[in-house]
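As structure tokens, the structure follows; a few thoughts come after it.
Residue numbers (the numbering used here): 1 to 172.
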């Protein structure tokens, strides 16, 4: 026997919470992905050549410069979480920090399609870099493969979240 479950009625507050959180999380994920690709590229280049050459040094410096940006974005995300917990739905709609124009269902569909195209391009680049790495065995192809592969994850996560937001946008 099947029970009828009531669907949760989403509010503008829920929509704002989900939309702002996914933006910050996607930014953090992209920064972490790029920095890990840079670090791994440095490690592979040093392992291959046995010394720290100029390209390895440049990628290591870029990795070090990404670390404060990641820490800043994580701090921003924690502050956002704290603000959302402290304030209720009425306070959020009046708060200028959360005054945003929320995307409509049509705009969300457009975002999903654009993110799907971006994901397909990144996946194609992953396969191309994998082929070039196997054919020429250059470190740059490995770095680009890892970078494209790790950037694919936040894109797919945002796309899935936007698909979930379609249901909420339809209710508002």
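Glycine included, each C-beta is placed from N, C-alpha and C at the ideal position.
Item                                                                                                                                                     : Value
Which parts of the segment 47–85 are runs of the beta strand (DSSP E), unbroken and 3 residues or longer, counting only runs that do not cross its ends? : none
Would you check if there are 3 or more beta carbon pairs closer than 8 Å linking the segment 154–171 to the segment 61–80?                               : no
Tell whether a beta-carbon distance below 8 Å holds between residue 148 and residue 129.                                                                 : yes
Quick one, which of 37, 15, 22 has its alpha-carbon nearest residue 156's?                                                                               : 22
Work out the CA separation of residue 168 and residue 1 for me, nearest whole Å.                                                                         : Model confidence at residue 1 stands at a pLDDT of 44, short of 50, so the residue's coordinates are unreliable; what they give is reported in the following sentence. Their backbone Cα atoms lie some 29 Å apart in a straight line.
When the Cα of residue 77 is compared with those of 170, 48, 43, 25, which residue comes out closest?                                                    : 25
Alpha helix (DSSP H) containing residue 136: first to last residue?                                                                                      : 105–136
Using CA atoms only, rank isn't needed, just tell me which of 125, 71, 118, 46 is closest to residue 60.                                                 : 46
With 16 as the cutoff for other CB atoms within 10 Å, does residue 113 come out buried or exposed?                                                       : exposed
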